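A.B. asks: To start, I am sharing the structure in question, which I have written as structure tokens.
Protein chains: 2
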Amino acid sequence: MLGFEVIAETARGGRRGRLQTAHGTVETPAFMPVGTYGTVRGLTPAQLLEAHVSMILCNAYHLALRPGAETIKRLGGLHRFMGWRGPILTDSGGYQLFSLAARVKLDERGAVFRSHLDGDEYELTPERAVDVQRQLGVDIGMLFDVLVSVPGDRRAAAEAAARTVRWAERSRRHAPDSGATAFFAIMQGGLFDELRAENAASLAALDFPGYAVGGLSVGEERAETMRMAEFAVGLLPTEKPRYMMGMGAPRDLVELCGWGYDLFDCVIPTRNGRNGTLFTRTGEISIRNAAHALDERPVDDACDCYTCRTFSRAYLHHLAKRGEMLAATLATLHNVRFYQTLMEEIRAALAADEYERFAAEFFSTYGGTAHELG
Amino acid sequence: MLGFEVIAETARGGRRGRLQTAHGTVETPAFMPVGTYGTVRGLTPAQLLEAHVSMILCNAYHLALRPGAETIKRLGGLHRFMGWRGPILTDSGGYQLFSLAARVKLDERGAVFRSHLDGDEYELTPERAVDVQRQLGVDIGMLFDVLVSVPGDRRAAAEAAARTVRWAERSRRHAPDSGATAFFAIMQGGLFDELRAENAASLAALDFPGYAVGGLSVGEERAETMRMAEFAVGLLPTEKPRYMMGMGAPRDLVELCGWGYDLFDCVIPTRNGRNGTLFTRTGEISIRNAAHALDERPVDDACDCYTCRTFSRAYLHHLAKRGEMLAATLATLHNVRFYQTLMEEIRAALAADEYERFAAEFFSTYGGTAHELG
């Protein structure tokens, strides 16, 4: 059900593409807001559309625990359940089990863990991850992978990468054709070039419809993250969509899109919105800061979102200081739209083959530096 | 700036009217959702319009403490501040000071109290209440009145009613013409017919553009509340809008509109929404109840709100159980629309002179009984 084409490509490998799904077309590079439990926190599906969001990420692990994949299937699948008609990608739970490591028993078969919700014991295997995401009926599912907590530990990274390949083979056997849900494999290999290269080659041989880079931004230095991010994308099949998991500060997006990543997700725009940190073209602002108490300006003059069209910084400051729900909603709406606008500009710059100039202008306005300039 | 006309009237005194303000026309009887701090909790102004809300209530007392009436004036007035272009009515703080009685020193001049926010000392007088609401620039302000904690204590009720009249006289002198803000006087008099009659006559002589009934639903039995509500409305000038403060369970609205009240406010639809209690034509449901976990139906088949058009009870149940913000937003949106639909039906029944049949049908479907039938 999944199609992908590259429309334009830069000399550095950045590309403007198009992903076709049963629930609509996604112009790439694309950023997916995170809706872990089947809701992008605080926003209605109508507000997501208003912010020009084309695709979202949910979490199959969390949804399988509550309300249960079988339940969502009975209720017509995840799209219908959450009222979102656009494409959905789900993460399978590899990262969640990694971050709950103390409560997880991991072996070759899969993971056994106790739910943080009710203490009941659950098992997650590569096969079960495929089944769950098919029950949800999502457009793109992620294979169940193995992360390491110290990406610089070579032996652990090698073992995790090898198991990730064996699990990808099991997933492929369990789901020889992808059906309604297309499954992406996740590359591992820590911070080691040869492990990443070997892992990418093994996964590519299994011919999945898309690939992700996993296991980065788990505590290592940013310079290491970015070096590996640039190296890793070049190892993946160019004709398939390439997804960088979980990374997405604005400066990350600008750098990563220059190297050829096509898909992104990150909690930053939504979590920051709830905390009162809002994005502007000239950097982030903390709306709770007293400096905004009498400021009649919108958050960002250049932004066309409902929040910026309707409210002053002073009003958002007031709502945030009073702990009003609407503060979180309006800030999230703005941040999500800010991200989509940034992606629109990234796509335009890639299509026009003006990416280096665009990126330089972005950093000079937004502040901070690209990793390679830093 | 305020106009009011009665379009149709029933034999029992119920009336279909129209209130003209500088910010638009309000078809009456009308229900105002409560936006204490300048936000109807969880809803954007766009969502309020989508729910067909025509007028809202805010609280001048709370807004004067934070962010301050002077601040809101500097920012262009309350309408602009909160992005709501329709009419706004503000309560002045009489009820808030009554409910904080232990921290308030009340005398003939006014009230001195310590803010619950910062412990600073503030003074509220009838004159100051007028000034604050003019600074906010609202369409309708309420005079500062005096409530009693035991409405059945005749001596206290008589004293409070007499002071309320003296304060209304001071307010009238302070604001001889109403300017952009029209001020409504609030009738007091506890549960005593002759005190209410005397109070109503004194206030009517001051010729305010509208009148409210206050001091009810403060702990007395519902039968007493409703008996006095019916008696009191008949004491007020028929050519002016008549506002029942703070009462608004659905069955209250159906009864009170039969007797000739024109305006209402109540926290029930919004507070209940946040708590997961949703209104339907056949009564209230608690969405957190396990009975809804697999229910594909909307909250109310007959409702045209975004929530009912888009989501199942099962999804709302899931959101509420996970503590997701969207649960409160979607439930509030539904409840607010439910109330507006009820008011539309009430207005249609009054206009068609079919109110008794309408009320009987309402109670037979919704459950419960009218006070007079009970």
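Protein chains in written order, with our numbering: chain A, 2 to 375; chain B, 2 to 375. Note that beta-carbon positions come from the ideal geometry of N, C-alpha and C, so glycine has one too. In this text the structure is predicted, and so the values were computed from the model without any measurement.
1. Whose Cβ in chain A lies nearer than 8 Å to the Cβ of Tyr316(B)?
2. Give a yes or no on whether the minimum CB-CB distance between Lys322(A) and chain B is below 9 Å.
3. If you draw a straight line from the alpha carbon of Leu90(B) to that of Arg173(B), how long is it in whole angstroms?
4. According to a CB-to-CB cut-off of less than 8 Å, which residues of the stretch 54 to 79 of chain A neighbour chain B?
5. Can you list the alpha helix (DSSP H) stretches of 4 or more residues lying completely in the stretch 7 to 91 of chain B, in chain order?
6. For the beta strand (DSSP E) containing Tyr123(A), list its first residue and its last residue.
7. Kindly indicate which three-state DSSP category Ile269(A) falls into: helix, strand or coil?
8. Alpha carbons only, please: which of Thr29(B), Gln189(B) and Phe184(B) is nearest the one belonging to Ile141(B)?
9. Grouping DSSP H, G and I as helix and E and B as strand, with all else coil, what is Thr311(B)?
10. List the whole-angstrom C-beta distance separating Glu255(B) from Ile347(B), where the pair is believed to meet the contact cut-off of C-beta under 8 Å.
11. Closer than 9 Å, Cβ to Cβ, to anything on chain A: give me those residues from the stretch 115 to 132 of chain B, in chain order.
12. How about Pro46(B): is its C-beta nearer than 9 Å to some C-beta of chain A?
13. Can you find at least 3 beta carbon pairs, one from the stretch 5 to 16 of chain B and one from the stretch 293 to 304 of chain A, that sit closer than 8 Å?
14. Can you pull the chain A residues whose beta carbon is under 8 Å from the beta carbon of His329(B), in chain order?
15. Rank Ala202(B), Arg275(B) and Gln136(B) by C-alpha distance to the C-alpha of Gly324(B) and give the top, closest one.
16. So is Thr278(B) in contact with chain A if we call contact Cβ pairs under 9 Å?
17. Would you decide whether Gly3(A) is buried or exposed? Buried here means 16 or more other CB atoms lie within 10 Å of its CB.
18. So which of Glu6(A), Pro251(A), Asn60(A) and Thr308(A) has the shortest CA-CA distance to Thr366(A)?
19. What runs of the alpha helix (DSSP H), each 4 residues or longer, lie entirely inside the stretch 177 to 237 of chain B?
20. Compare the C-beta of Gly94(B) against all C-beta atoms of chain A and say whether one is closer than 9 Å.
21. For Val105(A), does the three-state DSSP call read helix, strand or coil?
22. Can you tell me whether Asp263(B) is buried or exposed? The criterion is at least 16 other CB atoms within 10 Å of its CB, across all chains shown.
23. So is Arg42(B) in contact with chain A if we call contact Cβ pairs under 9 Å?
24. As a quick exercise: from Glu128(B), Ile286(B), Asp92(B) and Asp253(B), pick the residue whose alpha carbon is nearest that of His175(B).
25. Indicate the three-state DSSP secondary structure (helix, strand or coil) for Tyr316(B) in the structure shown.
26. Take the Cβ of Glu71(B) as the centre, count every other Cβ of all protein chains shown within 10 Å, and call the residue buried at 16 or more, exposed below.
27. Does DSSP put Arg275(A) in a helix, in a strand, or in coil?
28. Would you mind reading off the limits of the alpha helix (DSSP H) that contains Ser391(A)?
29. Report, in whole angstroms, the separation of the C-beta atoms of Ala112(B) and Asp92(B), which I expect to be a contact under 8 Å.
30. Between Ala205(A) and the rest of its own chain, which residues show a CB-CB distance below 6 Å, the 5 nearest in sequence each way excluded?
31. Between Leu295(B) and chain A, is any beta-carbon pair separated by less than 9 Å?
32. What does Thr91(B) reach in chain A if we use C-beta pairs closer than 8 Å?
33. So the alpha helix (DSSP H) Tyr356(A) belongs to, where does it begin and stop?
34. Measure the alpha-carbon distance for Ser116(A) versus Cys309(B) and round it to whole angstroms.
35. Cβ of Tyr367(A) less than 9 Å from any chain B Cβ?
36. Among the residues of its own chain, which have a CB less than 6 Å from the CB of Ala157(B), if the five just before and after it don't count?
C.D. replies: Reading it off the structure:
1. Gly39, Leu76, Phe82, Met83 and Gly84
2. yes
3. 18 Å
4. Arg67, Pro68, Thr72, Arg75, Leu76 and Gly77
5. 46 to 51, 61 to 66, 70 to 75 and 79 to 83
6. Glu122 to Leu125
7. helix
8. Phe184(B)
9. helix
10. Inspection of the sequence shows that residue 255(B) is occupied by Val rather than by Glu. Contact holds; Cβ gap of about 7 Å.
11. none
12. yes
13. no
14. First, the amino acid is wrong: residue 329(B) is Ala here, not His. Here the neighbours are Met326.
15. Arg275(B)
16. no
17. The question names Gly, but residue 3(A) is Leu in the sequence shown. Counting Cβ neighbours within 10 Å, Leu3(A) comes out buried, since at least 16 surround it.
18. Pro251(A)
19. 194 to 206 and 223 to 234
20. no
21. strand
22. buried
23. yes
24. Glu128(B)
25. helix
26. exposed
27. helix
28. The displayed coordinates of chain A run from 2 to 375. Any statement about residue 391(A) would go beyond what the structure contains.
29. The Cβ separation is near 14 Å, so there is no contact.
30. Pro238
31. yes
32. Here the premise fails: no neighbours, minimum Cβ distance about 16 Å.
33. Tyr356 to Tyr367
34. 32 Å
35. no
36. Val149
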